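Sequence lines, in order, name chains A and B. So for the first sequence, my numbering puts the first residue at 11; every next one is plus one. So for the second sequence, my numbering puts the first residue at 11; every next one is plus one. The beta-carbon is built from N, C-alpha and C at its ideal position, and this holds for glycine as well. Quick caveat: nothing in here was measured; it's all calculated off a predicted structure. The structure appears below as structure tokens.
2 protein chains.
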Amino acid sequence: MRGIVYKAQGDMQVEEVADPSIQDPGDAIVKVTKASICGSDLHIYNHGEAFGFECGCRVGHEFVGVVEEVGADVGTVGVGDKVLAPFWISCGSCHFCQKGLQTSCVKGGCFGFQPMFPGGGEGNAEAVQGGQSQYVRVPMAAGTLDRIPESLADDSNDMKTLPLTDVFGTGYHAAKCSNVQGGSNVVVIGDGAVGLCGAQAARALGAETVTVLGHHDDRLQIAKQMGATHVVNTKTSDNAGELVKELSGGVGPDSVIAAISSADSMKWAMDNVQPGGAIGWVGMEVLLGGPEIPWDQAFFGNVTLAGGVAPVKGYLPELWEMLKAGKIDPSPVLTHDLAMDEAASGYEVMASREEGSVKVAISPQS
Amino acid sequence: MRGIVYKAQGDMQVEEVADPSIQDPGDAIVKVTKASICGSDLHIYNHGEAFGFECGCRVGHEFVGVVEEVGADVGTVGVGDKVLAPFWISCGSCHFCQKGLQTSCVKGGCFGFQPMFPGGGEGNAEAVQGGQSQYVRVPMAAGTLDRIPESLADDSNDMKTLPLTDVFGTGYHAAKCSNVQGGSNVVVIGDGAVGLCGAQAARALGAETVTVLGHHDDRLQIAKQMGATHVVNTKTSDNAGELVKELSGGVGPDSVIAAISSADSMKWAMDNVQPGGAIGWVGMEVLLGGPEIPWDQAFFGNVTLAGGVAPVKGYLPELWEMLKAGKIDPSPVLTHDLAMDEAASGYEVMASREEGSVKVAISPQS
């Protein structure tokens with residue numbers, strides 16, 4: 011079969027790779043109908059060595075597909091079921107899985123990040139290969155996989171369901187962590203796919219205003235399409251602070267979704283969030299150099315910082331309901347859909363922030 | 011009248027000071043029946059110049075008493091009412107007062123901290139004098155003062171109600187910020203008055219285990235008296251990490267109350283809190299040099315950081331109910347009660363951490 015392989019920094023290629031097989035009775039094999047490239051894959055593409063990636067590592071952790079084969083112990087899904095795999099593998103039964111924090115599963119790991127979660131051995135989640143391929147082995151399938159609701163199971167809905175694997179769940183996590191509620195004034199920093207999804211999540215949770223700050227007019231247009239009430243291109247305008255203050259009656263936003271979580275954007279969030287407000291941070295930028303907290307501001311302002319890697323699996327029951335009810339539709343973040351032969355070029359599209367691009371889907375079977 | 015005055019670093023004295031008077035129709039004058047010295051007063055005592063204090067500044071922000079005189083616009087309390095003043099002055103009507111974050115009141119300020127909240131002028135909260143005195147002017151009395159429930163209004167209950175002005179409210183804020191719930195495993199770092207109150211607050215909120223880490227066996231005994239299920243003197247034992255892991259079934263505490271919030275204690279909290287857990291930080295230590303956040307741990311562990319200066323006024327309705335029902339009794343933190351003549355020596359008692367001392371009350375009328 012074919013899959014995307016990391017060759018070197020700035021070089022991903024589609025190659026012939028080994029077919030996956032059941033290695034443990036808890037495994038399933040999924041035939042991938044649609045996959046996508048994530049901002050965190052771009053971190054690998056741009057800084058692979060910093061994360062321990064070597065030539066030959068397979069990548070990808072966002073995919074939906076059809077169960078092709080199941081191990082004897084899976085039980086929860088069967089051959090032919092349309093399924094979604096959150097990017098994080100989880101056993102479903104440990105303390106953390108039970109409390110809805112599947113990203114801290116004691117046996118967990120992440121598809122397509124082997125160098126960061128090396129592990130190995132039979133049934134070990136950490137040894138799994140990337141999902142940007144035609145088939146993928148899913149360890150602990152009973153815990154990891156979610157059956158896609160019947161009304162959304164047709165392949166024609168893949169562009170709607172696929173973002174729930176990671177990017178929408180991550181935006182939703184940021185919205186929850188930043189305590190978005192009915193009537194909230196919300197700012198989203200970042201017009202990438204997580205920011206756009208965060209904006210839509212905030213509206214779905216009842217936010218009154220959602221202002222997206224970004225650097226790309228084309229993406230800010232998509233933000234509006236996805237429910238943002240206001241957008242500011244902070245490259246060409248310096249009124250973001252004034253605008254969000256005005257929108258909140260002079261006190262600043264209740265919630266800031268720090269989609270990128272760079273030091274600069276976190277500082278902006280601290281400087282502008284309302285006293286008693288919360289910053290929901292979910293961006294991997296913090297791993298490359300996190301912000302210093304201005305503790306005096308945080309102390310007198312009672313600012314909450316909450317976030318981290320999104321436990322998507324725990325959110326799926328409510329996200330399926332929202333998707334079925336038409337309250338959310340994250341498909342506009344998928345601006346491209348590439349056949350397998352062209353899939354590697356999706357990295358260039360995303361890395362160059364090509365006009366009109368946000369996020370690239372891949373159709374591995376075509 | 012007499013009040014405690016900052017003379018120089020390490021030198022507080024009782025002096026004759028000006029009688030307060032109504033300066034604004036919203037003011038009240040309170041005859042103080044009991045006041046107390048706070049850990050933040052010790053910061054003034056030890057580092058006064060760092061906070062801008064000069065010889066002659068009056069101190070004190072924890073007091074209960076009887077209304078002696080009211081301005082024409084007060085309305086909510088009258089002469090003879092037994093009242094409690096939270097340490098933070100608040101108008102009661104602005105956006106932040108209405109949402110229960112009175113410490114961010116747009117007109118607010120803090121008793122006894124004039125150099126940090128200089129302000130001035132008629133009715134300005136920032137110009138108020140300290141509460142460690144026989145009488146005190148309370149600006150915006152309608153917003154600031156809470157009438158003490160009748161069953162607790164007798165002076166004999168002052169030692170129970172007085173800690174609600176600040177120290178118990180602060181411990182309670184830390185417990186709420188660290189998301190203590192029924193069945194939680196909680197660690198409290200610090201055996202000062204805030205830590206001890208935090209432990210009691212956590213139990214009152216339903217915590218299953220509350221482990222207090224401190225440096226003083228005598229204070230840890232009081233922690234037990236106030237509801238701590240476990241205590242560790244971390245000066246003489248190095249098993250705190252193991253113990254709290256064991257108590258939580260191997261996963262670490264759900265909640266850490268960082269009563270001191272020093273860089274070291276915040277690091278311990280980050281290293282030991284359970285993934286998905288929360289750290290409630292309320293200590294002024296962060297203002298003298300806050301911790302660096304280990305962002306990778308916070309990211310993969312989804313650790314929430316919440317806290318700051320406690321909006322005591324907002325918590326009072328529930329705290330009065332708890333106090334009336336006997337669910338809390340913070341009086342054990344008040345280990346001393348000094349007459350006005352001896353009151354300044356209370357600073358030495360607290361600063362030296364004299365055996366058997368936690369917190370000093372003052373009886374200004376005796």
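(1) Name the residues in the segment 168-179 of chain A whose C-beta lies less than 9 Å from a C-beta of chain B; which are they?
(2) Here's the rule: buried if 16 or more other CB atoms are within 10 angstroms of the residue's CB, otherwise exposed. What is Tyr16(B)?
(3) Among Pro35(A), Phe63(A), Pro30(A), Ser46(A), whose alpha-carbon lies nearest the alpha-carbon of Ile372(A)?
(4) Do Val76(A) and Asp91(A) come within 9 Å of each other at the CB atom, strictly closer than that value?
(5) With DSSP run on the structure shown, which of helix, strand or coil describes Leu215(B)?
(6) Pull out every residue of the segment 308-320 of chain B whose Cβ sits closer than 9 Å to any Cβ of chain A, in chain order.
(7) Taking 9 Å as the CB-CB limit, is Glu132(B) close to chain A?
(8) How many Å lie between Gly10(B) and Met276(B) at the Cα?
(9) Check whether the Cβ atoms of Val40(A) and Ala82(A) sit closer than 9 Å, and answer yes or no.
(10) Is DSSP giving Gly75(B) helix, strand or coil here?
(11) Would you grab the beta carbon distance between His226(A) and Asp248(A) for me? Rounded to a whole angstrom, and I think it's under 8 Å.
(12) Report the partner residues of Lys295(B) according to the DSSP bridge assignment.
(13) Less than 9 Å separating the beta-carbons of Val283(B) and Val266(B)?
(14) On the three-state DSSP scale, how would you describe Gly193(B)?
(15) Would you mind reading off the limits of the beta strand (DSSP E) that contains Leu348(A)?
(16) By Cβ distance, which residues of its chain are closer than 7 Å to Ala273(B), with the 5 residues on each side in sequence left out?
(17) So is Lys109(B) in contact with chain A if we call contact Cβ pairs under 9 Å?
(18) Checking 9 Å against the spacing of the C-beta atoms, do Val87(B) and Arg157(B) come in under that value?
(19) Run through DSSP, which three-state label would Ile372(A) get?
(20) Report the residues of the segment 52-63 of chain B with a CB closer than 7 Å to any CB of chain A, ordered along the chain.
(21) Just to confirm the assignment, what range does the alpha helix (DSSP H) spanning Asn282(A) have?
(22) Ignore the nearest five residues each way along the sequence and tell me which others in Glu359(B)'s own chain have a CB closer than 8 Å to its CB.
(23) Using 9 Å as the threshold, is the C-beta distance between Leu206(B) and Val196(B) below it?
(24) Could you check if Pro321(B) is buried or exposed, using at least 16 other CB atoms within 10 Å of its CB as the buried criterion?
(25) Do three or more CB pairs link the segment 17-34 of chain B to the segment 98-118 of chain B at distances below 8 Å?
(26) Decide if Gly336(B) is buried, meaning its Cβ has at least 16 other Cβ atoms within 10 Å, or exposed.
(27) Identify which residue in Gly141(A), Val84(A), Val177(A), Met126(A) has its Cα closest to the Cα of Pro342(A).
(28) With 8 Å as the limit, tell me which residues of the segment 96-108 of chain B have their beta carbon closer than that to any beta carbon of chain A; keep them in chain order.
(29) Going by the beta-carbon positions, is the gap between Leu146(B) and Gln124(B) smaller than 9 Å?
(30) Three-state secondary structure (DSSP) at Met22(A)?
(31) Considering Ser50(B), what are the terminal residues of the alpha helix (DSSP H) in which it resides?
(32) In whole angstroms, what is the alpha-carbon distance linking Glu72(B) and Ala60(A)?
(33) I'd like the ranges of any alpha helix (DSSP H) spanning at least 4 consecutive residues and lying wholly in the segment 219-277 of chain B.
(34) State the CB to CB distance for the pair Pro159(A) and Trp330(A), rounded to an integer number of angstroms; the pair is presumed to be in contact (CB under 8 Å).
(35) Below 7 Å on C-beta distance, what does Trp305(B) contact in chain A?
(36) Residues of chain B with CB closer than 9 Å to the CB of Gly259(A), please, in chain order.
The short version:
(1) So nothing in the stretch comes that close.
(2) Within the second sequence, residue 16(B) is the residue found at index 6, counting from 1. By the 10 Å Cβ count, Tyr16(B) comes out buried.
(3) Along the first sequence, read from residue 1 onward, the residue named residue 372(A) stands at position 362. For Ile372(A), the closest C-alpha among the options Pro35(A), Phe63(A), Pro30(A), Ser46(A) is that of Ser46(A).
(4) As a working note, residue 91(A) is residue 81 in the first sequence. As a working note, residue 76(A) is residue 66 in the first sequence. Inclusion of Asp91(A) and Val76(A) in the CB contact set at 9 Å is warranted, their separation being smaller than that value.
(5) Residue mapping note: residue 215(B) aligns to position 205 of the second sequence, counting from 1. Look at Leu215(B) here: in three-state DSSP terms it is coil, with no helix or strand label.
(6) Answer set for the segment 308-320 of chain B: Ala308, Phe309, Phe310, Gly311, Asn312, Val313, Thr314, Leu315, Ala316, Gly317, Gly318, Val319, Ala320.
(7) The sequence position of residue 132(B) within the second sequence is 122, counting from 1. With a pLDDT of 41 at Glu132(B), under the threshold of 50, the modelled position of this residue cannot be trusted; read the value that follows with caution. With a threshold of 9 Å between beta carbons, Glu132(B) makes no contact with chain A.
(8) Any answer about residue 10(B) is impossible in this case: the structure gives chain B only from 11 up to 376.
(9) Working through the first sequence from its first residue, we reach residue 40(A) at position 30. Working through the first sequence from its first residue, we reach residue 82(A) at position 72. No.
(10) Numbered from 1 along the second sequence, position 65 holds the residue referred to as residue 75(B). Looking at Gly75(B) - three-state DSSP - the assignment turns out to be strand.
(11) One-based indexing of the first sequence puts residue 226(A) at position 216. One-based indexing of the first sequence puts residue 248(A) at position 238. About 17 Å separates the two Cβ atoms, so there is no contact after all.
(12) The residue given as residue 295(B) occupies position 285 in the second sequence. The amino acid at residue 295(B) is misidentified as Lys; the sequence shows Glu. Note: Glu295(B) sits in no beta bridge, so no partner.
(13) Translated into positions along the second sequence, residue 283(B) becomes position 273. Translated into positions along the second sequence, residue 266(B) becomes position 256. For Val283(B) and Val266(B), yes; Cβs fall inside 9 Å.
(14) Taking the first residue of the second sequence as 1, we reach residue 193(B) at position 183. Coil.
(15) Residue 348(A) sits at position 338 when you count from the first residue of the first sequence. Note, Leu348(A): beta strand (DSSP E), 344-349.
(16) Position 263 of the second sequence holds residue 273(B). Once the five neighbours on either side are set aside, the close Cβ partners of Ala273(B) are Gly299, Gly300, Pro301.
(17) For the purposes of this step, residue 109(B) is identified with residue 99 of the second sequence, where counting begins at 1. In terms of beta-carbon proximity, Lys109(B) lines the interface with chain A, with at least one pair separated by less than 9 Å.
(18) By one-based count along the second sequence, residue 87(B) stands at place 77. By one-based count along the second sequence, residue 157(B) stands at place 147. When the beta-carbon positions are compared, Val87(B) and Arg157(B) come within less than 9 Å of each other.
(19) For the purposes of this step, residue 372(A) is taken as the residue at position 362 of the first sequence. Residue state, collapsed to three classes: strand.
(20) Taking a C-beta cut-off of 7 Å against chain A, none of the residues of the segment 52-63 of chain B qualify.
(21) The residue you call residue 282(A) lines up with position 272 of the first sequence. Per DSSP, Asn282(A) belongs to the alpha helix (DSSP H) from 273-282.
(22) Walking along the second sequence from the start, residue 359(B) turns up at place 349. Checking the displayed sequence, the identity of residue 359(B) turns out to be Val instead of Glu. Listed in chain order, the non-local C-beta contacts of Val359(B) below 8 Å within the same chain comprise His346, Ser367, Val370, local neighbours out to five positions each way being set aside.
(23) To locate residue 206(B), count along the second sequence from 1; it is residue 196. To locate residue 196(B), count along the second sequence from 1; it is residue 186. Cβ atoms of Leu206(B) and Val196(B): not closer than 9 Å.
(24) Walking along the second sequence from the start, residue 321(B) turns up at place 311. It counts as buried.
(25) The segment 17-34 of chain B makes no contact with the segment 98-118 of chain B, as fewer than three CB pairs between them are under 8 Å.
(26) By one-based count along the second sequence, residue 336(B) stands at place 326. Per the 10 Å Cβ criterion, exposed.
(27) Here the question's residue 342(A) lines up with position 332 in the first sequence. Residue Val177(A) holds the alpha-carbon nearest to the alpha-carbon of Pro342(A) among Gly141(A), Val84(A), Val177(A), Met126(A).
(28) Correct list: His105, Phe106.
(29) Numbered from its first residue, the second sequence carries residue 146(B) at position 136. Numbered from its first residue, the second sequence carries residue 124(B) at position 114. Note that residue 146(B) corresponds to Val in the displayed sequence, not to Leu. In this structure, Gln124(B) does not lie closer than 9 Å to Val146(B) by Cβ.
(30) The residue given as residue 22(A) occupies position 12 in the first sequence. Met22(A): strand per DSSP, three-state reduction.
(31) To locate residue 50(B), count along the second sequence from 1; it is residue 40. 49-57 is the extent of the alpha helix (DSSP H) around Ser50(B).
(32) Position 62 of the second sequence holds residue 72(B). Position 50 of the first sequence holds residue 60(A). Each residue's Cα considered, the two are about 53 Å apart.
(33) Counting only runs of 4 or more, we get 227-235, 250-257.
(34) The residue given as residue 159(A) occupies position 149 in the first sequence. The residue given as residue 330(A) occupies position 320 in the first sequence. 5 Å between Cβ atoms; contact.
(35) Taking the first residue of the second sequence as position 1, residue 305(B) is located at position 295. The answer, in chain order, is Val296, Leu297, Gly300.
(36) Along the first sequence, one-based indexing puts residue 259(A) at 249. Under the 9 Å cutoff, chain B gives His105.
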